[in-house]
Amino acid sequence: MISVEYLLIIIALILLFLIYYIYSKDIQNTTQIRRVAMAVEELNKELYVLEKKFERHIQDTPIMENTMHDEDIAYELELGMKKMSEPMVASISEIHVKLQEQHDEFENKVQKLEESMRKFSLPSSVNGMDDSRIISLYQQGVDIVTISKELRLSKPEVEFVLKINKIK
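For the sequence shown, the working numbering assigns the number -6 to the initial residue and increments by one for each residue that follows.
Next comes the structure, spelled out in structure tokens:
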């Protein structure tokens, strides 16, 4: 019977050892859970403190208001556009001056051509003296037929002189 008693004692010792082992592990786990809980609590406290500091910082930081009004913005835009357009205006002015010079030169050439065309296109019977007489008679109200008879010129010659001198 000793062996059964020993066996029961060994089983009882094993059970006691297991109970002790489970109890000690439970204490260790509880201790670790408390440590984790305390760490989480500390983190929550630090988070709370940081949130408060952040809120105070936001409240203390001045908010930049939009100080530019529509008129200021329009003025700044106008000023920028003026600065950007100044080179274009200068180049357009230069182009205008060059165009004016070319126009004047063209007008002079046309005028010279008209004068030379008058010399070549005037009939031989019409000369400078006849031109002035035709113009003066026409301005006095004398009709073309009468002028042509009086100066012994054809009607087309009288009309031509008046047309060249831009009277008719």
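For each residue, glycine too, the CB sits at the ideal point set by N, CA and C.
Check: Considering only residues of the same chain and omitting the five flanking positions on each side of Ser17, which have a CB-CB separation below 6 Å?
Finding: Closer than 6 Å at the Cβ level, and outside the excluded window around Ser17, lies no residue.
Note to self: I need the DSSP call for Glu29, collapsed to helix, strand or coil.
What the structure shows: Residue identity differs from the one stated: residue 29 is Val in this sequence, not Glu. For Val29, the secondary structure class from DSSP, reduced to helix, strand or coil, is helix.
Margin query: Tell me the rounded alpha-carbon separation between Gln95 and Ser86.
Written below: Distance between the alpha carbons of Gln95 and Ser86 is about 14 Å.
Next item on the list: May I have the straight-line CA-CA distance separating Ile88 from Gln132, to the nearest angstrom?
Entry: Just so you know, the alpha carbons of Ile88 and Gln132 end up roughly 43 Å apart.
Next item on the list: Kindly indicate which three-state DSSP category Gln93 falls into: helix, strand or coil?
Entry: Reduced to three states, the DSSP call for Gln93 is helix.
Notebook entry, point to check: To the nearest whole angstrom, what separates the beta carbons of Ile128 and Asn158, a pair I think is in contact under 8 Å?
Noted result: That belief holds up - the Cβ atoms of Ile128 and Asn158 are roughly 6 Å apart, short of 8 Å.
Notebook entry, point to check: Lys159 by DSSP, collapsed to three states: which one?
Noted result: Secondary structure at Lys159: coil, using DSSP grouped into helix, strand and coil.
Item checked: Which of helix, strand or coil DSSP assigns to His50 -> DSSP places His50 in helix when its eight states are reduced to three.
Checklist line | Neighbour-count burial assignment, Ile140, 16 or more Cβ in a 10 Å radius | finding: Sixteen is the threshold: when 16 or more other Cβ atoms of the shown chains lie within 10 Å of the Cβ of Ile140, as they do, the residue is buried.
Item checked: Buried versus exposed call for Glu150 [16 or more other C-beta atoms within 10 Å across all chains shown] -> The residue in question, Glu150, is buried, as its Cβ has 16 or more Cβ neighbours within 10 Å.
Notebook entry, point to check: Does the distance from the C-beta atom of Leu155 to that of Asp123 stay below 8 Å?
Noted result: In this structure, Leu155 keeps its C-beta atom at 8 Å or more from the C-beta atom of Asp123.
Next item on the list: For Phe153, count neighbouring C-beta atoms within 10 Å of its own C-beta (all shown protein chains included) and say buried if the count is 16 or more, exposed if not.
Entry: With at least 16 other beta carbons inside 10 angstroms of its own, Phe153 counts as buried.
Next item on the list: Would you give the residue range spanned by the alpha helix (DSSP H) that Ser141 belongs to?
Entry: DSSP places Ser141 inside the alpha helix (DSSP H), whose first and last residues are Ile137 to Glu143.
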